[in-house]
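Letter by letter, the sequence shown follows residues 8 to 875 in the numbering used here. For glycine and all other residues, C-beta sits at the position ideal for the given N, C-alpha and C. Just so it is clear, the structure is predicted and the values come from calculations on it, not from any experiment. Here the structure is laid out as structure tokens; the discussion comes afterwards.
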Amino acid sequence: MTKIIFTYILFFFCVNTYAQELPDTELSSIPQPELKPDSILSSRMSATQDSIAKRDTAKTTVLEAPINYNALDSIVISLDGQKVYLYKEAMVTYQTIELKADYIELDLETKEVYAEGVPDSAEVVQGSPVFKDGEEEFESKTLRYNFETQKGIITEVKTQQGDGYVHSERTKKIDANSFILKKGKYTTCDADHPHFYLRMTRAKVISNKKIITGPAYLVLEDFPIYFPMIPFGFFPNSPSYSSGIIVPTYGEEQSRGFFLREGGYYWAASPYFDLTMKGDIYSKGSWGANVHTNYKKRYKFSGNFDFRYNVNRYSDPDLPDFSRSPGFSVRWSHSQDSKANPYQSFSASVNLSTTSYDKQNSYDVQSYLQTTKSSSISYSKKWENSPFNMSASFRHSQNSRDTTISLSFPELTFSMAKIYPFRQKDRVGAPKWYEKIGFSYTGNIKNSITAKEDELLNQSIIRDWQNGWKHSIPISLPNFNLFKYVNVSPSVSYSERWYTNYITQNYAYDNIAQEGTVWEDTIYHFRRNYNYSFSLSSQTNIYGMYLMKNPNSRMKAIRHKMSPSVSFSYTPDFGDPKYDFYDSYMDHEGNQIYYNRFKGAIFGSAGRGESAAINFGLTNNLEAKMAAKNDTTSNEEKFEKVKIIDNLGFSGSYNFIADSLNLSTIRINGRTTIKGVSLNFGGTVDPYNTDEKGTRINQFMWNEASGLAKLGRLTNANLSFGMSFKSKQKEEANAEEGEEPGEQIMYPDGSIEYYDFDIPWDFRFNYSFSYSKRSNYHDAQVNQSLNFSGRVKLTREWNMSLSTNFDIQAGEFSFTTFNINRRLHCWNMAFNFVPFGRRKSYSFTINASSAMLKDLKIDKKRSWFDNN
């Protein structure tokens with residue numbers, strides 16, 4: 008009896024409304040009551056036992072919940088109470104279903120609802136139906152829906168399914184979650200009139216699961232592309248990620264043949280990680296495999312891992328030019344959430360690959376041009392309320408030019424922050440001088456090797472790997488001021504290295520061959536190597552000011568800042584026999600040849616020869632105080648600083664104890680800006696002459712040369728500068744003065760738009776010069792190059808760019824690229840062209856921006872793999 012009561016819902020009048028009970032006539036003839044906008048009328052359908060008695064209970068149906076409705080303008084009820092007409096911002100709700108429109112017709116007897124928009128005075132339809140059921144929502148032109156059967160007919164519907172949108176001229180809703188449509192559109196473009204879509208002749212949509220379509224073709228900017236025709240299609244549109252097959256791309260290369268690439272399977276393993284397995288296969292025998300995973304645990308860590316292995320085969324196995332080249336690539340990125348643990352962390356950034364993989368399997372310019380790679384896996388721990396911390400790491404670096412790889416594993420560092428052992432905890436007043444004495448400690452354990460790629464796995468861990476432990480203890484002494492303005496800082500440092508082996512050398516002379524041979528043996532035994540030094544450094548700043556005498560000059564003053572620094576350091580002779588760090592042998596001519604027992608050690612060795620050296624340097628900065636350009640907005644005079652010389656300096660050292668070559672080379676460097684152009688230059692001057700072999704000899708150039716050469720030999724020099732140009736930014740002042748933002752365009756329908764015909768552009772070039780000359784008996788080596796890059800934005804959507812490098816010495820261009828891009832809101836067009844060189848190629852692609860439709864594209868290319 009309760010179900011029957013909720014089945015028949017009768018409504019005779021609405022409390023606090025002006026609705027009238029009228030005969031069931033044409034909708035257009037129903038008079039509309041005048042109501043204020045805030046007079047929102049609502050009613051809830053209910054039933055009583057009297058009204059139920061008047062109906063045929065054999066033909067009735069039961070609704071599980073009441074139907075609620077309201078409208079902003081008016082609610083009109085038919086004479087028999089079975090139809091309700093809702094006007095202006097009307098809404099009908101039933102369970103999780105919500106329908107909004109400016110006109111809704113509700114039939115209480117058939118449990119059907121009809122909705123559509125209403126044209127305004129300009130004949131523009133307003134308040135089109137918006138249907139919402141749970142998280143599903145769509146908009147249409149008209150809608151007819153049955154609450155009982157959950158079926159309906161919808162015209163000109165637009166609904167979002169996952170990352171895509173479905174448009175349909177006529178749609179039939181067959182149950183709560185399924186639609187059948189005819190002449191539909193599937194797109195990832197969110198515009199009301201999509202710029203591209205897949206025209207589906209017939210399709211079935213299962214909400215939040217999948218879309219199945221019959222024959223379909225691509226339409227781009229309303230232009231149909233019938234070839235290739237898609238006989239059928241399947242689009243997953245689940246709101247959560249799910250497992251599935253990855254469709255491969257296909258094509259052809261001259262060297263490797265026809266291919267199917269990047270095909271495989273995606274496994275949505277859990278909310279914490281996934282797994283992608285893909286493969287490549289070529290008709291001429293080449294193949295490849297790839298495993299990729301992403302993982303994340305909230306507030307703990309996240310990362311991804313990628314492993315690729317490729318085997319490339321060229322030519323036929325029976326031909327002499329046949330080659331087989333395997334290669335692999337490993338990439339791993341891991342980061343720890345900062346909230347996980349404030350006292351310890353783990354991170355990884357691995358980028359490791361063979362040279363053959365990069366050169367033969369890279370499809371982008373950056374991977375091909377990259378010559379160096381590095382990796383780091385590190386773990387660090389800090390002990391709370393203590394100065395101690397520790398870190399462990401694995402490091403890798405490689406150079407694809409000479410195929411060398413350097414590995415360091417493990418690499419451990421123990422350190423202690425600076426402490427002051429003589430400082431009192433409850434000190435009162437200024438600290439004593441001895442309380443300023445402090446020291447810190449750093450210990451490094453390292454095990455590393457450097458070898459060629461093809462030799463790395465054959466290296467012996469004991470004989471070829473280098474290892475050691477280094478201890479560093481810097482001691483800081485109290486600093487003080489000399490003559491009030493000179494800051495003096497004394498310091499003492501001690502370093503000790505522990506090694507598990509050292510070398511011995513012996514000399515043997517063959518009287519018959521008349522040649523000598525040095526025999527070297529490695530002794531595996533624990534040995535210490537240490538050194539210590541004392542230094543005293545001082546520095547200050549000197550300022551000079553010159554005021555312009557001409558009051559009308561825009562330049563008001565010039566300030567010169569000089570920063571001289573002088574330091575003295577002393578290191579004893581660790582080549583003394585008492586240390587046993589060096590040894591010697593006699594050659595056949597009776598010369599005593601010294602050698603280092605720790606030659607090539609991982610942390611180096613103490614130096615041979617006593618040193619008492621003074622190090623000196625001077626840095627100059629020159630800037631001008633300029634009056635700002637005329638400013639009519641303020642009566643106050645403004646100034647600006649202009650750097651004339653940003654940095655100009657030199658540095659060197661002089662060893663008082665050395666028996667010859669006391670003066671080091673002098674390094675000169677500078678930086679300045681001239682009219683917006685940044686100029687960097689530098690060079691090295693050697694005050695001593697050389698012999699024919701290029702070895703420095705104890706002869707000053709001051710006594711051997713004339714002119715500027717008396718100052719020394721210029722052994723190397725460098726110069727670089729760059730300039731950039733770009734279009735002026737359109738000033739907003741035009742809008743403030745009432746000027747239009749661009750040129751006026753009138754369309755045939757009378758509408759007017761303003762278009763800005765300014766073409767933004769930028770252009771940059773960089774020049775670099777390097778010079779080196781070993782001695783006066785050797786030829787100088789000069790290298791010069793120019794790098795050009797530019798970009799032109801023809802319109803808001805069109806972009807053109809160019810990048811090239813010209814080797815002036817060789818007289819030829821190096822890697823050059825020319826690119827054109829067109830952004831189409833939801834589509835992209837790209838043309839990339841490499842006109843010459845090893846990577847000579849081109850590609851033309853029009854593709855959807857959405858990753859979901861990445862395979863929906865027009866692609867024409869000539870791969871660099873086809874180059875001979």
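Cα-Cα separation between residue i and residue j, rounded to whole angstroms
i           : j           : result
residue 773 : residue 687 : 12 angstroms
residue 229 : residue 202 : 7 angstroms
residue 198 : residue 416 : 55 angstroms
residue 191 : residue 339 : 43 angstroms
residue 554 : residue 546 : 27 angstroms
residue 121 : residue 108 : 10 angstroms
residue 595 : residue 515 : 8 angstroms
residue 296 : residue 223 : 32 angstroms
residue 83  : residue 93  : 7 angstroms
residue 870 : residue 734 : 35 angstroms
residue 76  : residue 171 : 32 angstroms
residue 550 : residue 573 : 18 angstroms
residue 489 : residue 495 : 7 angstroms
Option in the options with minimal Cα separation from residue i
i           : options            : result
residue 510 : 529, 830, 454      : 529
residue 394 : 426, 409, 672      : 426
residue 811 : 801, 796, 818      : 796
residue 801 : 92, 767, 521       : 767
residue 724 : 684, 776, 579, 551 : 776
residue 144 : 556, 132, 103      : 103
residue 630 : 566, 667, 622, 657 : 566
residue 352 : 400, 617, 549      : 400
residue 727 : 705, 704, 721, 685 : 685
residue 255 : 245, 269, 249, 242 : 269
residue 280 : 305, 286, 259      : 305
residue 607 : 851, 233, 457      : 457
residue 277 : 250, 298, 259, 271 : 250
Exposed unless 16 or more other CB atoms sit within 10 angstroms - verdict on residue i
i           : result
residue 834 : buried
residue 263 : buried
residue 147 : buried
residue 173 : buried
residue 42  : Confidence at residue 42 is low in this model, with a pLDDT of 33, below 50, so the placement of that residue should be treated as unreliable; the coordinate-derived value is given next. Buried.
residue 207 : buried
residue 711 : exposed
residue 667 : exposed
residue 31  : Reliability fails at residue 31, whose pLDDT of 34 lies under 50, so the model's placement of it is uncertain and no value is given.
residue 474 : buried
residue 87  : exposed
residue 664 : exposed
Sequence-distant residues of its chain with Cβ nearer than 6 angstroms to residue i (five each side left out)
i           : result
residue 7   : In the structure as shown, the chain starts at 8 and stops at 875, and residue 7 therefore has no counterpart that could be examined.
residue 183 : 157
residue 820 : 811, 813
residue 770 : 732, 797
residue 729 : 773
residue 824 : 810, 841
residue 381 : 404
residue 284 : 271, 272, 298
Residues near residue i in its chain [Cβ-Cβ closer than 7 angstroms; skip 5 each side]
i           : result
residue 561 : 633, 634
residue 288 : 266, 267, 294
residue 342 : 308, 309, 310, 354
residue 675 : 657, 689, 690, 692
residue 429 : 441, 442, 444
residue 599 : 591, 593
residue 219 : 210, 211, 241
Sequence-distant residues of the same chain with beta carbon closer than 8 angstroms to residue i, five excluded per side
i           : result
residue 552 : 564, 565, 566, 567
residue 785 : 701
residue 493 : 545, 546, 547
TODO: Enumerate, from N- to C-terminal direction, the unbroken beta strand (DSSP E) stretches of 3 or more residues contained entirely within the region 630-700.
DONE: The qualifying runs are 646-662, 673-681, 684-693, 695-697.
- [ ] Note down, one range per segment and in chain order, each beta strand (DSSP E) of at least 3 residues found wholly within the region 564-636.
- [x] Fully enclosed beta strand (DSSP E) runs of 3 or longer: 589-593, 599-603, 618-634.
Task: Ranges of the beta strand (DSSP E) found wholly within the region 88-166, counting only runs of at least 3 - done: As far as the region 88-166 is concerned, its whole beta strand (DSSP E) runs of at least 3 residues are 90-101, 104-114, 119-123, 137-140, 143-146, 149-153.
Open item on the list: Suppose only complete runs of 3+ residues qualify. What are the beta strand (DSSP E) ranges in the region 394-445, listed by chain order?
Closed with: Correct list: 395-406, 411-426.
Task: Runs of beta strand (DSSP E) wholly within the region 219-278 (minimum 3 residues, chain order) - done: Counting only runs of 3 or more residues that sit fully inside the region 219-278, the beta strand (DSSP E) segments are 223-227, 230-237, 240-243, 251-253, 256-260, 264-274, in chain order.
Task: beta strand (DSSP E) runs wholly inside the region 291-362, at least 3 long, in chain order - done: If only complete runs of 3 or more residues are kept, the region 291-362 shows the beta strand (DSSP E) at 294-304, 308-321, 330-343, 351-360, in order along the chain.
Open item on the list: At 3 residues or longer, what runs of the beta strand (DSSP E) sit wholly inside the region 789-827?
Closed with: Assignment of beta strand (DSSP E) within the region 789-827, counting only whole runs of 3 or more residues, yields 805-814 in chain order.
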